[in-house]
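> Here it is: the structure, laid out below.
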Amino acid sequence: MSIPFDDQSNVSKMLCRHVVKNFASCLESVVTGTFGTLIFPPTPLDQTADSQERCSEYSNNTSLARARRTCRGDLLSSAVWEDPVFLDCFVGEDINEVLDNIARGVVTSENVTEYSYDVAEATANVADINAKGLRAISDALEKIVNVGNSSIKVTNNTLQIVDHALGAPEEEFVNAVEVETPTRILDFLEQQITLFQTQGDGNNLTIVGRSVAVVALQLPKESLLEGLGFATLASPDGEEKSSVLNELNENEMIIYFNPDNVPDTTIDAAILLPPYVLENGTVPVTFFLFQTSKLFLSPEQAYDLGGVRRLAVGTRVISATVEGAVIQGLPQGGEVETTFLELNVTRDNETVDSRTCVFWDKIDQGGRWSSEGCRREDNPEINMIRCLCDHLTSFAVLMVLNGCRFGKQFLERTGIDGVRLASSSLGNIGVAWDVSGDVGLSVLDVLGMIGCIISIICLVITLVNFMSMKKLRSKQPQRILINLCFALLGLYLVFVVGIDRRYPTAGCVVVGFLIHFFLLSSMSWMLVEAINMYLLFVRVLNATVSHFMLKAALFAYGLPLLVCIVTVAVDRSLYLGDGNYCFVRPGPALYYGVLLIVALLLATNFIIFGLVMQSLSRRESIATHKTNQTNSGEMRRRVQNAFAISVLLGLTWLFGFLAIGGARLVVNILFLILNSLQGFFVFLMFCVRQKEIREQWVRWMHCNFAELKPGQRRSNDLVREKCKKTGFSLATSISQSSQL
Numbered sequence: 001m002s003i004p005f006d007d008q009s010n011v012s013k014m015l016c017r018h019v020v021k022n023f024a025s026c027l028e029s030v031v032t033g034t035f036g037t038l039i040f041p042p043t044p045l046d047q048t049a050d051s052q053e054r055c056s057e058y059s060n061n062t063s064l065a066r067a068r069r070t071c072r073g074d075l076l077s078s079a080v081w082e083d084p085v086f087l088d089c090f091v092g093e094d095i096n097e098v099l100d101n102i103a104r105g106v107v108t109s110e111n112v113t114e115y116s117y118d119v120a121e122a123t124a125n126v127a128d129i130n131a132k133g134l135r136a137i138s139d140a141l142e143k144i145v146n147v148g149n150s151s152i153k154v155t156n157n158t159l160q161i162v163d164h165a166l167g168a169p170e171e172e173f174v175n176a177v178e179v180e181t182p183t184r185i186l187d188f189l190e191q192q193i194t195l196f197q198t199q200g201d202g203n204n205l206t207i208v209g210r211s212v213a214v215v216a217l218q219l220p221k222e223s224l225l226e227g228l229g230f231a232t233l234a235s236p237d238g239e240e241k242s243s244v245l246n247e248l249n250e251n252e253m254i255i256y257f258n259p260d261n262v263p264d265t266t267i268d269a270a271i272l273l274p275p276y277v278l279e280n281g282t283v284p285v286t287f288f289l290f291q292t293s294k295l296f297l298s299p300e301q302a303y304d305l306g307g308v309r310r311l312a313v314g315t316r317v318i319s320a321t322v323e324g325a326v327i328q329g330l331p332q333g334g335e336v337e338t339t340f341l342e343l344n345v346t347r348d349n350e351t352v353d354s355r356t357c358v359f360w361d362k363i364d365q366g367g368r369w370s371s372e373g374c375r376r377e378d379n380p381e382i383n384m385i386r387c388l389c390d391h392l393t394s395f396a397v398l399m400v401l402n403g404c405r406f407g408k409q410f411l412e413r414t415g416i417d418g419v420r421l422a423s424s425s426l427g428n429i430g431v432a433w434d435v436s437g438d439v440g441l442s443v444l445d446v447l448g449m450i451g452c453i454i455s456i457i458c459l460v461i462t463l464v465n466f467m468s469m470k471k472l473r474s475k476q477p478q479r480i481l482i483n484l485c486f487a488l489l490g491l492y493l494v495f496v497v498g499i500d501r502r503y504p505t506a507g508c509v510v511v512g513f514l515i516h517f518f519l520l521s522s523m524s525w526m527l528v529e530a531i532n533m534y535l536l537f538v539r540v541l542n543a544t545v546s547h548f549m550l551k552a553a554l555f556a557y558g559l560p561l562l563v564c565i566v567t568v569a570v571d572r573s574l575y576l577g578d579g580n581y582c583f584v585r586p587g588p589a590l591y592y593g594v595l596l597i598v599a600l601l602l603a604t605n606f607i608i609f610g611l612v613m614q615s616l617s618r619r620e621s622i623a624t625h626k627t628n629q630t631n632s633g634e635m636r637r638r639v640q641n642a643f644a645i646s647v648l649l650g651l652t653w654l655f656g657f658l659a660i661g662g663a664r665l666v667v668n669i670l671f672l673i674l675n676s677l678q679g680f681f682v683f684l685m686f687c688v689r690q691k692e693i694r695e696q697w698v699r700w701m702h703c704n705f706a707e708l709k710p711g712q713r714r715s716n717d718l719v720r721e722k723c724k725k726t727g728f729s730l731a732t733s734i735s736q737s738s739q740l
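Residue 339 in the UniProt record's numbering sits at position 339 of the sequence shown, and the numbers go up by one each step.
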């Protein structure tokens with residue numbers, strides 16, 4: 001048996017009794033409350049009566065009484081009814097199926113009280129509720145709110161439903177994020193409170209559940225001259241950090257009009273509204289307090305890859321609304337002030353990397369945490385986090401947690417399936433792994449970062465070589481290579497410097513935009529190189545294209561820029577990534593704006609690569625009349641050329657697409673190494689292995705060594721003069737580079 005109230009004493013507060021004194025028995029009684037109406041027949045002393053009302057039609061126990069009540073007293077005192085004891089109408093049933101049936105029910109103004117109570121009663125067994133059940137709860141709440149009943153009974157039931165739902169496992173909320181269930185539940189709760197505030201009887205309301213509390217007030221403006229605050233006080237046990245498992249307590253919540261009367265050291269979470277946001281004669285203000293952030297799951301948290309870094313809300317969530325007013329753009333010094341005591345949300349071996357003041361930003365696809373318009377101003381004298389924001393909504397502190405997952409755990413689990421390509425995060429650079437949600441990214445992140453730094457150095461050396469030597473930069477293939485190197489260098493530099501710069505969000509958007517642009521640009525220049533090879537090796541006759549480089553630049557820079565502009569115009573928050581990195585968020589923008597384009601470019605490169613290889617195999621230079629040694633050398637050069645082409649055309653992305661799904665870890669490691677070291681491969685193939693480049697290096701070193709060598713003045717003068725004519729002195733090289 002269960003009573004859908006956290007404090008059973010509340011039952012007496014919600015009942016309206018009609019009792020006539022009688023010494024031998026209790027007369028018929030009609031009881032009304034949040035459950036609707038119950039009728040108990042006349043009952044002798046010390047006897048128990050069942051209510052005439054049976055269990056809900058949504059239950060398999062429709063023959064069971066909804067409640068029981070005992071008649072107490074003796075022949076010397078009047079007989080009185082005890083409080084009703086509500087029976088569990090849904091015992092032994094699949095609660096998710098029950099909720100699904102309830103969600104399909106018809107709700108009217110006549111039955112909305114009983115219907116909302118049925119949902120509250122059904123959700124009492126929260127341990128068994130899954131994502132399907134949560135969605136049914138959101139559908140039922142929508143029907144309740146759409147009726148437009150502003151009574152305290154329906155409002156209380158609505159909050160009880162939400163409070164019960166918040167007891168469901170967090171992973172079920174994560175599973176329900178994709179269909180926006182958590183956000184819908186939050187929205188319907190707020191809508192019901194708005195109904196109560198705007199269409200209700202004008203009374204104040206305080207409802208406190210295990211995980212959520214609501215305080216709705218109607219206050220005269222004269223009492224708000226110094227602002228209005230709401231706070232929940234810290235537990236008296238003296239602990240510095242509360243646990244997310246602690247239940248809310250009505251006795252620990254206060255409303256205050258003078259912030260000086262509330263010591264900071266006693267606050268668990270608080271919000272203070274400045275006086276000039278409260279302008280109407282009678283101000284309807286509602287405060288919400290959430291013990292858990294399950295209704296505030298952003299995609300960044302929902303797509304937690306289980307690595308060493310994750311996002312977590314490290315405080316309670318507190319919010320305030322002023323009905324009929326939009327509070328935003330508050331001036332500095334007059335912002336909404338929130339104060340938080342940090343909760344203990346770390347797991348084993350985790351440390352807190354950063355703490356950021358954030359607000360819940362509602363968007364078309366649910367919502368996400370944002371720091372825009374918020375700043376943090378902690379008081380060093382107390383162990384509290386103080387936030388100031390220029391608008392009114394829900395507030396919390398978002399933490400970046402870092403955990404160490406090296407050693408035995410990594411070695412034991414690296415062979416397990418479940419590897420997933422985090423294509424949204426690392427672009428053309430690397431891969432993120434989620435191996436049964438437990439393997440950290442530390443080792444792989446370090447490998448990828450080392451590869452990126454090596455590529456940056458190699459690309460810089462390659463660019464210096466080609467741009468400082470006029471002979472090398474004058475040909476079309478080398479000019480294509482220079483642009484490709486610039487695109488790759490931009491990609492690597494932005495990745496290394498800013499890929500995990502999640503805050504401020506504006507900077508994260510810029511980083512995501514640039515990585516998206518340079519990724520598509522580098523792939524586009526690879527396609528340009530492929531087309532140029534096709535013209536050289538396959539379409540030998542009439543292979544010249546007028547203004548080829550201009551057209552190539554418009555394609556390789558213009559198309560990526562257009563795609564990125566469209567993406568940021570649709571929703572700039574798309575570049576806030578998955579919570580760990582700044583890139584396109586998983587979803588349609590990623591699939592169509594990144595993966596589809598990369599796949600098309602890659603497929604085109606495959607086709608052109610095949611045509612070029614076919615042409616190379618038919619070259620007369622490997623005719624049978626050549627010697628075996630000549631054939632061997634030519635075949636070796638053909639293989640080298642083929643490998644260089646495959647690197648240039650980005651064929652290593654094949655490993656990236658194979659990594660999506662259940663590919664084994666070795667495929668992902670190949671993708672990581674080949675892509676992060678692509679700049680190194682460019683340097684190796686077009687600098688180190690090019691005889692002309694090596695000869696240029698030898699001449700350059702000889703010229704500059706001769707300039708520094710003492711003695712032999714006549715010999716040095718001759719060498720210096722020769723170097724000036726050929727352009728191999730250090731000063732000449734620098735001068736030529738600066739003139740580009």
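Backbone N, C-alpha and C define an ideal beta-carbon position, used for all residues, glycine too.
Can you give the beta carbon distance from proline 44 to glutamate 28, rounded, assuming they're within the 8 Å contact cut?
With 8 Å as the limit, proline 44 and glutamate 28 do not qualify as a contact, their Cβ atoms being about 13 Å apart.
> Using alpha carbons as the reference points, say which of Leu519, Ser56 and Glu82 lies closest to glycine 105.
Residue Ser56 is the option with its Cα nearest to glycine 105.
> Check arginine 386 in the structure and name its three-state DSSP category.
Strand at arginine 386.
> With DSSP as the reference, identify every bridge partner of tyrosine 256, one or two as the case may be.
BP columns for tyrosine 256 point to Gly229.
> Could you round the C-beta distance between leucine 273 and alanine 320 to whole angstroms and report it? I think they count as a contact, below 8 Å.
The Cβ separation is near 6 Å, so the contact holds.
> Could you pull the start and end residues of the beta strand (DSSP E) that valine 214 belongs to?
212 to 220 is the span of the beta strand (DSSP E), which, as asked, contains valine 214.
> Please list, in chain order, all residues of the same chain as proline 560 whose beta carbon is under 7 Å from its beta carbon, the five residues on each side excluded.
Here the set comprises Phe517, Leu520, Ser521 and Ser524.
> Applying the criterion that 16 or more other CB atoms from any shown protein chain within 10 Å of the CB defines a buried residue, is residue 813 buried or exposed?
The structure shown does not extend to residue 813, since the chain spans only 1 to 740, so no value can be given for it.
> Determine the contact status of phenylalanine 680 and glycine 451, defining contact as a CB-CB distance below 9 Å.
It is a contact, given that the beta carbons lie within the stated cut-off.
> Measuring straight from C-alpha to C-alpha, what distance separates proline 169 and cysteine 485?
Proline 169 and cysteine 485: Cα-Cα distance of roughly 49 Å.
> Between the segment 527 to 541 and the segment 561 to 574, do three or more beta carbon pairs fall short of 8 Å?
The segment 527 to 541 vs the segment 561 to 574: no contact.
> Just to confirm the assignment, what range does the alpha helix (DSSP H) spanning phenylalanine 548 have?
Segment 548 to 553, the alpha helix (DSSP H) holding phenylalanine 548.
> Go through the segment 340 to 367 residue by residue and report every complete run of the beta strand (DSSP E) that reaches 3 residues or more, in order.
With a minimum length of 3 residues, the continuous beta strand (DSSP E) runs that stay inside the segment 340 to 367 are 350 to 363.
> Tyrosine 276: which of Val322, Asn249 and Thr292 sits nearest, CA to CA?
Residue Val322 is the option with its Cα nearest to tyrosine 276.
> Name the DSSP beta bridge partners of leucine 595, please?
None, per the DSSP bridge assignment.
> Find out if the Cβ-Cβ distance for the pair phenylalanine 230, phenylalanine 287 is shorter than 9 Å.
Contact: yes.
> What three-state label does DSSP hand arginine 689 in the structure shown?
Residue state, collapsed to three classes: coil.
> I want to check one thing, is the minimum distance from the CB of glutamate 110 to the heavy atoms of the ligand NAP below 8 Å?
Among the components modelled here there is no ligand, and therefore nothing to report on the ligand NAP.
> Whose C-alpha, out of Lys551, Gln332, Gly324 and Val510, is nearest the C-alpha of glutamine 476?
If we check each option's Cα against that of glutamine 476, Lys551 comes out closest.
> How far does the alpha helix (DSSP H) with serine 138 in it extend, from its first residue to its last?
Serine 138 -> alpha helix (DSSP H) spans 131 to 147.
> Given that a residue counts as buried once 16 or more other Cβ atoms are within 10 Å of its Cβ, and exposed if not, what is proline 331?
Exposed: under 16 other Cβ atoms inside 10 Å.
> What residue from Asp139, Val336 and Gly507 has the CA that sits closest to leucine 99's CA?
The option with the nearest alpha carbon to leucine 99 is Asp139.
> Measuring CB to CB, does isoleucine 95 end up less than 9 Å from leucine 141?
Against a cut-off of 9 Å, the Cβ pair of leucine 141 and isoleucine 95 comes out as no contact.
> Output yes or no for whether 9 Å exceeds the beta carbon distance between isoleucine 102 and alanine 124.
Going by C-beta atoms, isoleucine 102 is not nearer than 9 Å to alanine 124.
> Distance check for glutamate 178 and valine 496, CA to CA, integer angstroms please.
Spanning the two alpha carbons is a distance of roughly 30 Å.
> Given this structure, state the Cα-to-Cα distance separating glutamate 377 from glycine 334, to the nearest angstrom.
Computed Cα separation, rounded: 14 Å.
> Taking contact to mean 3 or more Cβ pairs, one atom from each stretch, closer than 8 Å, check whether the segment 248 to 258 and the segment 351 to 369 are in contact.
At 8 Å Cβ cutoff, the stretches do not touch.
> Is the beta carbon of leucine 189 less than 9 Å from the beta carbon of asparagine 149?
No, the Cβ-Cβ distance between leucine 189 and asparagine 149 is not below 9 Å.
> What residue does the alpha helix (DSSP H) around leucine 491 start on, and which one ends it?
Residues 476 to 498.
> Report back the beta-carbon spacing between leucine 489 and isoleucine 456 to the nearest angstrom; my notes put them in contact at under 8 Å.
At roughly 7 Å, the Cβ-Cβ gap stays under 8 Å, so leucine 489 and isoleucine 456 are in contact.
> From valine 112 to glycine 587, what does the alpha carbon distance come to, in whole angstroms?
When rounded, the distance between both Cα atoms is 38 Å.
> List the endpoints of the continuous alpha helix (DSSP H) containing phenylalanine 188.
Taken as a continuous stretch (DSSP letters only), the alpha helix (DSSP H) holding phenylalanine 188 covers 181 to 199.
> Taking 9 Å as the CB-CB limit, is phenylalanine 518 close to chain B?
This model lacks chain B altogether; it includes just one protein chain.
> In angstroms, rounded to a whole number, what distance separates the CA positions of aspartate 118 and glutamine 52?
Taking the straight line from one Cα to the other gives about 17 Å.
> Tell me, please, which residues DSSP counts as bridged to aspartate 50.
Its beta-bridge partners are Arg68.
> Nearest to leucine 225 by CA position, among Val31, Gln192 and Tyr256, is which residue?
Leucine 225 has its Cα closest to that of Tyr256, out of Val31, Gln192 and Tyr256.
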